[in-house]
Amino acid sequence: MLCLECGKREAKYDGLCEECFLKKVKFTAMPKYLEITMCPHCHAIKLGSHWEHVSLEEAIKKIVEKSIVFEHEYDSYSYTIKHGEIEGTFDVEVEIEIKYRDLKVKETHLMEFHVKYESCPRCNRFFGNYFEAIIQLRDMREGEVKKILDFTYGRIEHYARKNENLFLTKEVEKKEGWDLYLSDKREAKKISKEICHKYGATLKESPQIAGRKDGRDLYRVTYAVRFPPYRIGDIVEIEGNYYVVEEISDSFIRAKDIKTGKRRNVDSKKHRIKMVEKGEEIESAMVIYSHGNEVQLMDKNNKIIEVVSEIPVKDGNSVRIVRIDDVVYIVP
Ligand SMILES: [Zn+2]
Ligand SMILES: [Zn+2]
289 MLCLECGKRE AKYDGLCEEC FLKKVKFTAM PKYLEITMCP HCHAIKLGSH
339 WEHVSLEEAI KKIVEKSIVF EHEYDSYSYT IKHGEIEGTF DVEVEIEIKY
389 RDLKVKETHL MEFHVKYESC PRCNRFFGNY FEAIIQLRDM REGEVKKILD
439 FTYGRIEHYA RKNENLFLTK EVEKKEGWDL YLSDKREAKK ISKEICHKYG
489 ATLKESPQIA GRKDGRDLYR VTYAVRFPPY RIGDIVEIEG NYYVVEEISD
539 SFIRAKDIKT GKRRNVDSKK HRIKMVEKGE EIESAMVIYS HGNEVQLMDK
589 NNKIIEVVSE IPVKDGNSVR IVRIDDVVYI VP
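As structure tokens, then:
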């Protein structure tokens, strides 16, 4: 059979000879002009319906791959991309090599990419003061605010590594503590619980309706984190006995009896734990003489104190003392 087009050579492809086939058939087509949408704040690039943090080169590659239109059947193909920037416009040359039966065909397309800037949804939220939750830190002691805030920032950073929608929108220092506004209420709850666990604080959750979106109520949640009155090292009273706090968790404290030196775990929700003295305010005294459980001490005003103590002490050593109802105890 001869070529339908020229009638001279043998027909090999679609009723045409090789020469006429290659003249007539285009395997691929591509758009001449394309837009890339980039966020001016975080440089995320919009690919289809979602935003990704990829380089412009990777984005162009993904867009090129999606834009190749095949207009004739083929066996396989490969392509290379060359591009250069000219003031916000990228001229991209795409060379496609198609294999079709025993033919190898190269087709070249010139495309122009324009970069369009549009704020991504995440940055829209961020720059729009978006928040879903407030963590309220309450009843902190003066010297520990920075430590607690640093711990909280650390946890926010930790969760933000996996969830790019999590950020600290703003923070406000108040007379009664700190308010941290967060963009994600689920992560805010996790973080609040972690603070509670570390410091033995209690958590109160209060949701408020903040509006409606897509037919559903939008909730904002306030997580009030209340620190307990006691800290590790403080002297507390539990059921008429006095203890040094050694460990705190969200449900119990581990404490040492200052008379006997014995340790016990106390359920902090079931027992009333009364503050007696802060650890940093405990005074020290010198052991002058001790015999059995009778101890003679000298306090910081050089006054001699007689103490009965179950806690063994050594002469000449410094000990910490606490005075409760005119009785002096040596703190173990
Ligand atoms: Zn022909
Ligand atoms: Zn962005």
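The end of the sequence shown is residue 620 by my numbering, with every number in the run present. All C-beta atoms in this analysis are idealised placements derived from N, C-alpha and C, irrespective of residue type, glycine included.
Three or more pairs of CB atoms, one per stretch, sit closer than 8 Å, so the region 478-490 contacts the region 431-440. CA-to-CA, the gap between E432 and S537 works out to about 17 Å.
Checking the 7 Å criterion, the Cβ of H338 is out of range of every heavy atom belonging to ligand 2.
Taking all protein chains shown into account, Y321 has fewer than 16 neighbouring C-beta atoms within 10 Å of its C-beta and is therefore exposed. Under the three-pair Cβ rule at 8 Å, the region 548-561 does not count as touching the region 572-583. M326 is bridged by DSSP to I333 and Y405. Under the Cβ criterion (8 Å, minimum of three pairs), the region 412-424 counts as touching the region 457-475. Using a Cβ-Cβ distance cut-off of 8 Å, the region 366-375 and the region 294-308 are not in contact, since fewer than three pairs of beta carbons, one from each stretch, lie closer than that value. If you draw a straight line from the Cα of Y362 to the Cα of D302, it is about 13 Å long. Sequence-distant partners of E475 (beyond 5 residues in either direction) whose C-beta falls short of 7 Å from its own C-beta, in its chain, are Y447, N451 and L454.
Within 10 angstroms of the beta-carbon of Y405 lie fewer than 16 other beta-carbons, which makes it exposed. Assigned with DSSP and collapsed to three states, E293 falls in coil, not helix or strand. Environment of ligand 1, chain-ordered: C291, E293, C294, K296, R297, L304, C305, E307 and C308, taking every residue with Cβ within less than 7 Å of a heavy atom. By alpha-carbon distance to Y530, the top candidate from V564, T316 and E598 is V564.
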